[in-house]
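Position one of the sequence shown corresponds to residue 1 (my numbering), numbered consecutively onward. Below is one structure, written out as structure tokens; comments come after it.
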Amino acid sequence: MDINIDDILAELDKETTAVDSTNITQGSSSTTHRDANTIVGSSLDLNDKTQIYVSPQQDFSDLMKSWKNERCSPELLPYPHQLMKRLLNRISMQSQLIENISMGFLDMQNASNANPPMPNESKLPLLCMETELERLKFVIRSYIRCRLSKIDKFSLYLRQLNEDENSLISLTDLLSKDEIKYHDTHSLIWLKLVNDSILKYMPEELQAINDTEGSVNMIDEPDWNKFVFIHVNGPPDGKWNEDPLLQENEFGKPCYTVTIPDLKEEVELTIGSIYVMRYEVIRDLLRDDKVALI
Numbered sequence: 001m002d003i004n005i006d007d008i009l010a011e012l013d014k015e016t017t018a019v020d021s022t023n024i025t026q027g028s029s030s031t032t033h034r035d036a037n038t039i040v041g042s043s044l045d046l047n048d049k050t051q052i053y054v055s056p057q058q059d060f061s062d063l064m065k066s067w068k069n070e071r072c073s074p075e076l077l078p079y080p081h082q083l084m085k086r087l088l089n090r091i092s093m094q095s096q097l098i099e100n101i102s103m104g105f106l107d108m109q110n111a112s113n114a115n116p117p118m119p120n121e122s123k124l125p126l127l128c129m130e131t132e133l134e135r136l137k138f139v140i141r142s143y144i145r146c147r148l149s150k151i152d153k154f155s156l157y158l159r160q161l162n163e164d165e166n167s168l169i170s171l172t173d174l175l176s177k178d179e180i181k182y183h184d185t186h187s188l189i190w191l192k193l194v195n196d197s198i199l200k201y202m203p204e205e206l207q208a209i210n211d212t213e214g215s216v217n218m219i220d221e222p223d224w225n226k227f228v229f230i231h232v233n234g235p236p237d238g239k240w241n242e243d244p245l246l247q248e249n250e251f252g253k254p255c256y257t258v259t260i261p262d263l264k265e266e267v268e269l270t271i272g273s274i275y276v277m278r279y280e281v282i283r284d285l286l287r288d289d290k291v292a293l294i
């Protein structure tokens, strides 16, 4: 299902607020677009008592890492709630600052302090700020678009994951609030379309759309055997001595040991090195932020 979300950050050009998507009706493609446009603001609804300051440089670095991991990963990775909340707040404040400078409000304030107003020839820093802000919006837009495409592709798998009581991760951790709304709406529309077009004309025993007992699994799952490039980062918190999985190889270098199921062999992943591995082998290390996809 192709979704045009080129204007997914349109609201950020004015102010960073979540868009109400309660007026969604099932048969409208424009409604689907409006629902997709609310995904970016999903993290703004979180109310956390504990606030930890993180520098803008660290937030941008984490965003780039999450973006690359999401694009290279065959599965949908957990949504970084706190990271997106901080980034959207920073975008809102930076947009307001740029608007104040372009309207001359800050120049008038400087003039009242006996400082000369900034001439037009000195607006190059403002242009650089606008360019950098658009660059950040592009990365967020690409990140959200990638996640939406996976939600569309693995719709039945996500529904099954949500119904599985033994699942290690819930949809609330995997998706943002608005991504969950989008997933529910999209899956209902898709199931209704398939049922009205095909399933209701078939025998009752063949109407199951999530049959996994036959020779072919009807639920499209991520390709766990996909080969990916990884860079071994080590413990994300820098506490090397407290990582139980971290070992030293024969050369005295820190490494992680993983097992390849097909070959029943152990492979040492040295910190700072690059490897090509099956995704299933390094999945846990990626979730723990000890490796990054490249």
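C-beta atoms are modelled at their ideal positions from N, C-alpha and C, and glycine is treated no differently. Because the structure is a prediction, the values reported are computed rather than measured.
- For residue 246, which three-state DSSP category applies? Counting from 1 along the sequence shown, the entry for residue 246 is found at position 246. Residue 246: coil per DSSP, three-state reduction.
- Task: For the alpha helix (DSSP H) holding residue 132, just list the boundary residues, first then last.
- Result: The residue labelled residue 132 in the question sits at position 132 within the sequence shown. Run containing residue 132: 124-153, per the alpha helix (DSSP H) assignment.
- Which whole-angstrom value describes the C-beta separation of residue 319 and residue 292, a residue pair presumed to lie in contact below a C-beta threshold of 8 Å? Residue 319 cannot be examined here, being either before or after the span of the chain that is shown, 1 to 294.
- Local conformation of residue 275 per DSSP, three classes: Here residue 275 refers to the residue found at position 275 when the sequence shown is read from its first residue. In the structure shown, residue 275 sits in a strand (DSSP, three-state: E or B).
- Query: What are the residues that DSSP puts in a beta bridge with residue 172?
  - Reply: Here residue 172 refers to the residue found at position 172 when the sequence shown is read from its first residue. Answer by DSSP bridge pairing: none, since residue 172 is not bridged.
- Query: By DSSP, does residue 158 sit in helix, in strand, or in coil?
  - Reply: Looking up residue 158 in the sequence shown gives position 158. Looking at residue 158 - three-state DSSP - the assignment turns out to be helix.
- Among 180, 276 and 262, which one has its Cα closest to the Cα of residue 148? Here the question's residue 148 lines up with position 148 in the sequence shown. Among 180, 276 and 262, the Cα nearest to that of residue 148 belongs to 180.
- Message: Can you find the residues in the same chain that come closer than 6 Å, C-beta to C-beta, to residue 271, ignoring five residues on each side of it along the sequence?
- Response: Here residue 271 refers to the residue found at position 271 of the sequence shown. Here the set comprises 232, 234 and 254.
- Can you tell me which of the three DSSP states residue 254 falls into? As a first step, residue 254 must be located in the sequence shown, where it is residue number 254. Strand at residue 254.
- Query: What's the gap between the Cα of residue 256 and the Cα of residue 190?
  - Reply: Along the sequence shown, read from residue 1 onward, the residue named residue 256 stands at position 256. Along the sequence shown, read from residue 1 onward, the residue named residue 190 stands at position 190. Going from the Cα of residue 256 to the Cα of residue 190 covers about 43 Å.
- Item | Complete alpha helix (DSSP H) runs within the region 175-219 (minimum length 4 residues, chain order) | 177-197
- Message: Using only CA atoms, which one of 91, 287 and 171 lies nearest to residue 302?
- Response: One cannot answer for residue 302 here, as it falls past the ends of the chain, which runs 1 to 294.
- Message: For residue 290, count the other beta carbons within 10 Å of its own beta carbon; 16 or more makes it buried, fewer makes it exposed. Which is it?
- Response: Taking the first residue of the sequence shown as 1, we reach residue 290 at position 290. When all chains shown are included, residue 290 counts as buried.
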